[in-house]
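For the sequence shown, the working numbering assigns the number 5 to the initial residue and increments by one for each residue that follows. Where is the CB? At the ideal position from N, CA and C, for every residue including glycine. One structure is given here, and the rest of the page talks about it.
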Amino acid sequence: MKNGNTDTMIFGVKTIVSYLSQCMSLQPGDVIATGTPPGVGQGMNPPTFLKAGDEVETSVAGLGTQKQTVINHKYL
């Protein structure tokens with residue numbers, strides 16, 4: 005559904021890593037999720053949002069791919 009890369013981000017990778025490094029220790033293999041690429045669900049026709057059962061796939065060239073399945077969250 006979405007496909008993007010670091011070229012479309014407002015802040016560059018170096019800026020983001022520098023900022024985060026000021027408040028936390030980053031380790032090899034850490035993944036920094038920066039948000040959605042252009043064309044968010046609200047702007048689609050019809051609007052489209054993640055729902056339980058959808059899969060989110062994140063990949064980094066040369067590093068690998070992660071897949072997560074969206075679940076329902078019930079507030080207590």
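Review point. Taking the DSSP output, what are the residues bridged to Thr62?
Key: Looking at the DSSP assignment, Thr62 forms a beta bridge with Gln70.
Practice item. With Val35 as the anchor, note down where its alpha helix (DSSP H) starts and where it stops. Key: Here Val35 belongs to no alpha helix (DSSP H), and DSSP marks it neither H nor E.
Check your understanding: So what's Gly45 in DSSP terms, helix, strand or just coil?
Key -> Note: Gly45 maps to helix in three-state DSSP.
Check your understanding: Going by beta carbon distance, what residues of the same chain come within less than 7 Å of Thr38, once the five residues before and after it are set aside?
Key -> Answer for Thr38: Met13 and Ile20, listed in chain order.
Check your understanding: So what's Lys55 in DSSP terms, helix, strand or just coil?
Key -> Of the three classes helix, strand and coil, the one that applies to Lys55 here is coil, per DSSP.
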